[in-house]
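Each residue of the sequence shown is one higher than the one before, counting from 1 in full-length UniProt numbering. Report on the following structure.
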Amino acid sequence: MALAKNHTNVLIVGAGPTGLMLACQLAMRGISFRIIDRNSGPSNKSKALVVQARTLEIFEQMGIVTEALQEGHPATGLNFIIKGRWVQNINLQGIGEGQSPYPFMCILEQSKTEKLLLQYLAQYHIQVDWNTELQELTQDEEQVKASLHFKDITEEEITCDWLVGADGAGSRVRHLLDIDFIGGTYEHTFLVADTQVDWDFNHNEIFVCLADKTLAAFFPMAGNKRFRVVSFLPPHLLNRDDLTFDRIAPSLQKQLGFKVIFSNTNWFSTYKLHHRYAKPFNLSRCFLAGDAAHIHSPAGGQGMNTGLQDAYNLAWKLALVLNKTAPPELLQSYQAERLPVAKTLVSTTDRVFSLMVSKNIILSYLRLKLLPTLLSKLTRPNYMRAEIFRRVSQIGIRYRKSKLSVTPTDGNHFPEEAPRPGDRVPFIQVFSSDYDKLVSIYSLLRNPYFTLLIFKSSFGTDRAEQLQEELETALQEYLPNLIKCHILYPHNQNHGVYGLFGIVEDAFYLIRPDNYIAFRSQPADPQSLLNYLTNTLQLQPLPPNETEPDLSETTLSAE
Numbered sequence: 001m002a003l004a005k006n007h008t009n010v011l012i013v014g015a016g017p018t019g020l021m022l023a024c025q026l027a028m029r030g031i032s033f034r035i036i037d038r039n040s041g042p043s044n045k046s047k048a049l050v051v052q053a054r055t056l057e058i059f060e061q062m063g064i065v066t067e068a069l070q071e072g073h074p075a076t077g078l079n080f081i082i083k084g085r086w087v088q089n090i091n092l093q094g095i096g097e098g099q100s101p102y103p104f105m106c107i108l109e110q111s112k113t114e115k116l117l118l119q120y121l122a123q124y125h126i127q128v129d130w131n132t133e134l135q136e137l138t139q140d141e142e143q144v145k146a147s148l149h150f151k152d153i154t155e156e157e158i159t160c161d162w163l164v165g166a167d168g169a170g171s172r173v174r175h176l177l178d179i180d181f182i183g184g185t186y187e188h189t190f191l192v193a194d195t196q197v198d199w200d201f202n203h204n205e206i207f208v209c210l211a212d213k214t215l216a217a218f219f220p221m222a223g224n225k226r227f228r229v230v231s232f233l234p235p236h237l238l239n240r241d242d243l244t245f246d247r248i249a250p251s252l253q254k255q256l257g258f259k260v261i262f263s264n265t266n267w268f269s270t271y272k273l274h275h276r277y278a279k280p281f282n283l284s285r286c287f288l289a290g291d292a293a294h295i296h297s298p299a300g301g302q303g304m305n306t307g308l309q310d311a312y313n314l315a316w317k318l319a320l321v322l323n324k325t326a327p328p329e330l331l332q333s334y335q336a337e338r339l340p341v342a343k344t345l346v347s348t349t350d351r352v353f354s355l356m357v358s359k360n361i362i363l364s365y366l367r368l369k370l371l372p373t374l375l376s377k378l379t380r381p382n383y384m385r386a387e388i389f390r391r392v393s394q395i396g397i398r399y400r401k402s403k404l405s406v407t408p409t410d411g412n413h414f415p416e417e418a419p420r421p422g423d424r425v426p427f428i429q430v431f432s433s434d435y436d437k438l439v440s441i442y443s444l445l446r447n448p449y450f451t452l453l454i455f456k457s458s459f460g461t462d463r464a465e466q467l468q469e470e471l472e473t474a475l476q477e478y479l480p481n482l483i484k485c486h487i488l489y490p491h492n493q494n495h496g497v498y499g500l501f502g503i504v505e506d507a508f509y510l511i512r513p514d515n516y517i518a519f520r521s522q523p524a525d526p527q528s529l530l531n532y533l534t535n536t537l538q539l540q541p542l543p544p545n546e547t548e549p550d551l552s553e554t555t556l557s558a559e
């Protein structure tokens, strides 16, 4: 048996969406890593179908949102069919208007999402090590040692500074770390199929079909009349080894109570659903992300998107630590910020899903008689549509209780409604002097580390240019380009921006790499900002002779 030894900064175990997103985020920051997966190649299964607005905003920052939108399509409507009769349509078009550049849910197959991320990695000459499985791992204060098997033939011993398990619900990493996976399993067995559907309804919207003994959800996919169908496995077909969707289809059609013909099935599977989260999310130098850290029902299309944001949150922190700009303690904020999100998500989707599948007579009555009408009424007022979108799209996730979210007491002259540290930067069009036109505020936030939005007052003593100069001078000892400054001037077209951010005098907002607000000050106080960088982030001067990695010339390889 051949034996090799290697070292890398980060070992990513699992090349699904979460692992690939982490790899992309590390690659763009010039960090050395390996990414392995026990499968022989990327999945060709559709699996997760919904890409939420927050994920599309991340794709915009990466420069791949155009391709994602070309491959997918917005969900325009949600329909309810009760006991075979169509009863309600909820219009989803423009449901998030004004809250995001992407005010919709995008139907995009997981296989296509993974393809986009693999293409992004290819720009950096990075390949996944397929057919490679993690066997064992040990760790100490300095590094992690991992034993890998390639096709069960070649054994490799690898050391890394940090290891991330993005290897799914049955995570080998979580098992080896002996981390608890808290929660339970639903009693039902579910089926999922990628199939062609012929019926009397349209083929471009989402359908939820409710009946006395079953429910089914139909999600439109690319292709002629193709849908993702999710439903219960009929009880009399449990424990059958010869199951195909063709065998199930007649029973499903009978239970739903309307004429539907299934054909040309590309993929079919049965499975159990779980609602669990790992506690903790990390142990020493090892981390969990995505389904390895949390799994839940598919209600609301949250799973894959949450995993992508796990990776997005962790990557920039790993990069700062590996660049020796921040201490390892910064990584503690990953669990502090993402574990509460997972716990809330598991709890929320469990309540929704339990309502949808409960056999309780009262809940069944509510589900079949009142739910569609109630949802229709809730989604009519604009404020309710906005709130529903904020929650489902994940743009409402915030980290206000994080130790990284700070407002100085002496620089907190902001109105109550202004965005706070820990909030996602709200979407708005700004007039940029750099572009000489109105652009999305997210166009200014593409620095791989931090961005300082400096608001120049229209009266009083202007401090904007001086603040930028003082900051750049003070940070010369640290990672170059750690913070990119954008000065926003009180242009007529920026009136709404100044109002949204509560600006009445010279002020600034420090934006994290993941587009969350880290720090703010009004009036603009450069010393308070430096105190935040040195005390909260604990930035450290670069060792002698070390310079910023040239991202434009970065060439990494997993070989």
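Built from N, CA and C at the ideal position, the CB exists for glycine as well. The model shown is predicted, which means the values in this text are computed figures rather than measured ones.
>> Could you check whether Leu-134 and Ile-36 sit closer than 8 Å to each other, using their CB atoms as the reference points?
In response: Along the sequence shown, one-based indexing puts residue 36 at 36. Along the sequence shown, one-based indexing puts residue 134 at 134. Here Ile-36 is near Leu-134, since their CB atoms are less than 8 Å apart.
> Mind pulling the alpha helix (DSSP H) runs of 4 or more residues that sit fully within the region 354-423?
Replying inline: Correct list: 361-365, 371-378 and 382-392.
>> Taking the alpha carbon of Tyr-120 as the reference point, which residue from Pro-250, Gln-93 and Gln-61 has its own alpha carbon closest?
In response: Translated into positions along the sequence shown, residue 120 becomes position 120. Each of Pro-250, Gln-93 and Gln-61 was checked against the Cα of Tyr-120, and the nearest Cα belongs to Gln-61.
> With Asn-239 and Gln-196 assumed to form a contact (beta carbons below 8 Å), what rounded beta-carbon distance in angstroms separates them?
Replying inline: For the purposes of this step, residue 239 is taken as the residue at position 239 of the sequence shown. For the purposes of this step, residue 196 is taken as the residue at position 196 of the sequence shown. Rounded, the Cβ-Cβ distance is 28 Å, inconsistent with contact.
> Which value, in whole angstroms, describes the spacing of the CA atoms of Arg-29 and Leu-542?
Replying inline: Taking the sequence shown and counting its residues from 1, one reaches residue 29 at position 29. Taking the sequence shown and counting its residues from 1, one reaches residue 542 at position 542. In this model, Arg-29 and Leu-542 are separated by some 16 Å (Cα to Cα).
> What residues are listed by DSSP as bridge partners for Leu-215?
Replying inline: Residue 215 sits at position 215 when you count from the first residue of the sequence shown. Answer is Leu-210, bridged to Leu-215.
> When you compare only the Cα positions, how much space is there between Leu-11 and Val-144?
Replying inline: In the sequence shown, residue 11 corresponds to position 11, counting from 1. In the sequence shown, residue 144 corresponds to position 144, counting from 1. A straight line joining the alpha-carbon of Leu-11 with that of Val-144 spans about 9 Å.
> Distance, Cα to Cα, Pro-415 vs Phe-201?
Replying inline: Mapped onto the sequence shown, residue 415 falls at position 415. Mapped onto the sequence shown, residue 201 falls at position 201. Taking the straight line joining both Cα atoms gives about 50 Å.
>> Between the alpha carbons of Ala-518 and Tyr-532, how many angstroms are there, rounded?
In response: Start at 1 with the first residue of the sequence shown, and residue 518 comes out as number 518. Start at 1 with the first residue of the sequence shown, and residue 532 comes out as number 532. Cα-Cα distance, rounded: 9 Å.
> If Asn-6 and Phe-33 are in contact, beta carbons under 8 Å, what's the gap, nearest whole angstrom?
Replying inline: Your numbering for residue 6 matches position 6 in the sequence shown. Your numbering for residue 33 matches position 33 in the sequence shown. Taking 8 Å as the upper bound for CB-CB distance, Asn-6 and Phe-33 are not in contact here, some 12 Å apart.
> For the putative contact between Ala-474 and Leu-530, defined by C-beta atoms under 8 Å, what is the C-beta separation to the nearest angstrom?
Replying inline: In the sequence shown, counting from the first residue as 1, residue 474 sits at position 474. In the sequence shown, counting from the first residue as 1, residue 530 sits at position 530. A Cβ-Cβ separation of about 6 Å places Ala-474 in contact with Leu-530 under the 8 Å criterion.
> Looking at C-alpha atoms only, which residue of Lys-377, Asn-382, Asn-447 and Glu-505 is the closest neighbour of Gln-88?
Replying inline: The sequence position of residue 88 within the sequence shown is 88, counting from 1. Comparing Cα-Cα distances from Gln-88 to each of Lys-377, Asn-382, Asn-447 and Glu-505, the minimum goes to Lys-377.
> Measuring CA to CA, which of His-495, Phe-431 and Leu-453 is closest to Lys-484?
Replying inline: Residue numbering aside, residue 484 sits at position 484 when the sequence shown is read from its first letter. Cα-wise, what sits closest to Lys-484 is Leu-453.
>> On a Cα-Cα basis, can you pick out the residue from Cys-106, Asn-79, Ile-158 and Ile-182 that is closest to Gln-302?
In response: Within the sequence shown, the letter at position 302 stands for residue 302. That would be Cys-106, whose Cα lies nearest to the Cα of Gln-302.
>> Less than 8 Å between the C-beta atoms of Leu-320 and Ala-311, yes or no?
In response: Against the sequence shown, residue 320 aligns to sequence position 320. Against the sequence shown, residue 311 aligns to sequence position 311. In this structure, Leu-320 keeps its C-beta atom at 8 Å or more from the C-beta atom of Ala-311.
>> Less than 6 Å between C-beta atoms, sequence neighbours within five positions excluded: which residues of the same chain meet that for Ile-503?
In response: In the sequence shown, counting from the first residue as 1, residue 503 sits at position 503. Closer than 6 Å at the Cβ level, and outside the excluded window around Ile-503, lie Phe-455.
>> If contact is defined by three or more beta carbon pairs under 8 Å, each pair taking one atom from either stretch, is the region 331-341 in contact with the region 391-404?
In response: At 8 Å Cβ cutoff, the stretches touch.
>> Can you tell me whether Thr-132 is buried or exposed? The criterion is at least 16 other CB atoms within 10 Å of its CB, across all chains shown.
In response: Looking up residue 132 in the sequence shown gives position 132. By the C-beta density criterion, Thr-132 is buried, having at least 16 other C-beta atoms within 10 angstroms.
> Under 7 Å from any heavy atom of the ligand MN, does the C-beta of Gly-422 make it?
Replying inline: For the ligand MN, the structure offers nothing, since it holds no ligand at all.
> Just how far apart, CA to CA, sit Ser-231 and Ala-217?
Replying inline: Stepping through the sequence shown from its first residue, residue 231 is reached at position 231. Stepping through the sequence shown from its first residue, residue 217 is reached at position 217. Separation of Ser-231 and Ala-217 (C-alpha to C-alpha, rounded to the nearest whole angstrom) is 7 Å.
> Along the chain, which unbroken stretches of the alpha helix (DSSP H) at least 4 residues long are found entirely within the region 289-329?
Replying inline: Look at the region 289-329 and you find these whole runs of alpha helix (DSSP H), each 4 residues long or longer: 303-322.
> If Val-164 sits next to Leu-366, beta carbons under 8 Å apart, how far is it from one beta carbon to the other, in whole angstroms?
Replying inline: By one-based count along the sequence shown, residue 164 stands at place 164. By one-based count along the sequence shown, residue 366 stands at place 366. Val-164 to Leu-366, Cβ: 42 Å. No contact.
> Who are the Cβ neighbours of Val-65 in its own chain at under 7 Å, not counting the five residues just before and after it?
Replying inline: Taking the sequence shown and counting its residues from 1, the one referred to as residue 65 is at position 65. If we look at Val-65 and ignore the five residues flanking it on each side, its Cβ neighbours are Leu-56 and Phe-59.
>> For the beta strand (DSSP E) containing Arg-228, name the first residue and the last one.
In response: Walking along the sequence shown from the start, residue 228 turns up at place 228. The continuous beta strand (DSSP E) containing Arg-228 extends over residues 226-232.
> Can the beta-carbon of Leu-118 be found closer than 8 Å to that of Pro-42?
Replying inline: Here residue 118 corresponds to residue number 118 of the sequence shown, with the count starting at 1. Here residue 42 corresponds to residue number 42 of the sequence shown, with the count starting at 1. Yes, the pair counts as a contact, with Cβ atoms nearer than the cut-off.
> What are the complete alpha helix (DSSP H) segments, minimum 4 residues, inside the region 451-536?
Replying inline: Unbroken alpha helix (DSSP H) runs of no fewer than 4 residues, entirely contained in the region 451-536, are found at 464-474, 495-500 and 526-531, following chain order.
>> Quick check on this structure: which residue in Ile-511, Tyr-478 and Asn-266 has the alpha carbon closest to the alpha carbon of Gly-422?
In response: For this step, residue 422 is matched to residue 422 along the sequence shown. Looking from the CA of Gly-422, the closest CA among Ile-511, Tyr-478 and Asn-266 belongs to Ile-511.
> Excluding sequence positions up to five away, which residues of its chain have a Cβ less than 7 Å from the Cβ of Gln-335?
Replying inline: Along the sequence shown, one-based indexing puts residue 335 at 335. Answer for Gln-335: Pro-280, Phe-281 and Asn-282, listed in chain order.
> Within the 8 Å Cβ cut-off, does Glu-477 reach chain D?
Replying inline: Among the chains in the structure shown there is no chain D, since it carries only a single protein chain.
> Skipping 5 residues on each side, what residues in its chain have a beta carbon closer than 6 Å to that of Ala-2?
Replying inline: One-based indexing of the sequence shown puts residue 2 at position 2. Residue placement at Ala-2 cannot be trusted, given a pLDDT of 45 that sits under 50; what the coordinates show is reported in the next sentence. Setting aside the 5 residues that flank it on each side, Ala-2 is surrounded in the same chain by Thr-154, each with a C-beta closer than 6 Å to its C-beta; the list follows chain order.
>> Helix, strand or coil, according to DSSP, for Ala-222 in the structure here?
In response: Translated into the one-based positions of the sequence shown, residue 222 becomes position 222. In the structure shown, Ala-222 sits in coil (DSSP, three-state: anything other than H, G, I, E or B).
>> Mapping the DSSP letters down to three states, classify Ala-193 as helix, strand or coil.
In response: In the sequence shown, the residue the question calls residue 193 occupies position 193. In this structure, DSSP gives Ala-193 an extended state, which the three-state scheme calls strand.
> Helix, strand or coil: which one does DSSP assign to Val-128?
Replying inline: The residue given as residue 128 occupies position 128 in the sequence shown. It is coil, neither helix nor strand.
>> Quick check on Ala-75: does DSSP put it in helix, strand or coil?
In response: For this step, residue 75 is matched to residue 75 along the sequence shown. Looking at Ala-75 - three-state DSSP - the assignment turns out to be coil, as it is neither helix nor strand.
> Taking C-alpha atoms, which residue in Lys-47, Ala-15, Ile-31 and Leu-49 lies nearest to Ser-40?
Replying inline: If you number the sequence shown from 1, residue 40 lands on position 40. Closest in alpha carbon position to Ser-40, among Lys-47, Ala-15, Ile-31 and Leu-49, is Ala-15.
> Which one or two residues does DSSP pair with Gly-94 in a beta bridge?
Replying inline: Counted from its first residue, the sequence shown places residue 94 at position 94. Answer by DSSP bridge pairing: none, since Gly-94 is not bridged.
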